[in-house]
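Some notes on the structure that comes next.
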Amino acid sequence: MTSTSDLWTIRPAQARDTDILADIYLRVRRTTFLWVDPGKFHSEDFVGQTPGERVFVCEDRNGTIAGFMTLWEPDDFIHMLYILPEFQGRGAGKALLAALPEWPNRRYRLKCLVKNTRAIAFYRSLGFAIIGDGSSPEGDYKDMQLSGN
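Counting with my numbering, you get residues 839 to 987 for the letters of the sequence shown.
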């Protein structure tokens, strides 16, 4: 499945994307999660934390990978959504979410770190509601679920 808008192409990840996606995952976590020791993030984390997940890649018109999203399909759980800083605020995250099966009618879930206030605001603006709280090594998080239409 490939989805294309005027600005973004969303496609399934391929093996050749792995190093780029791992770099995005590392870079964005180190620049966003400033309250976590950056030494706790490693380039091999992406591969280690995504087995069995469906991975969506977002490219701009030039074929540059702007970010990615991973989905644990058995639970409709969005595990990761990471956009490079230079592409944030330009619709890449929305394009990735819109590529999900039955978006926005399926009740997708995700966890968002409390200190990542920008991401919480982003998800809330798209119809996600906070349904619970939890804690992780990176800090407290909100469990969020898409309301569905």
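Note that CB positions come from ideal geometry on N, CA and C, so glycine has one too. Since this is a predicted model, take the numbers as computed values, not measurements.
With at least 16 other beta carbons inside 10 angstroms of its own, Ile862 counts as buried. Considered as a whole, the segment 900-980 harbours 930-936, 955-963 as its complete alpha helix (DSSP H) runs of no fewer than 4 residues, in chain order.
A direct Cα-Cα distance of roughly 9 angstroms separates Ser881 from Arg865. Residues of the same chain with a CB within less than 6 angstroms of the CB of Thr888, apart from the 5 flanking positions on each side, are Thr908 in chain order. Around the beta carbon of Arg867, a 10 Å sphere encloses 16 or more other beta carbons of the protein chains shown; the residue is thus reported as buried. Buried is the label assigned to Gly931, since at least 16 other Cβ atoms lie within 10 Å of its Cβ.
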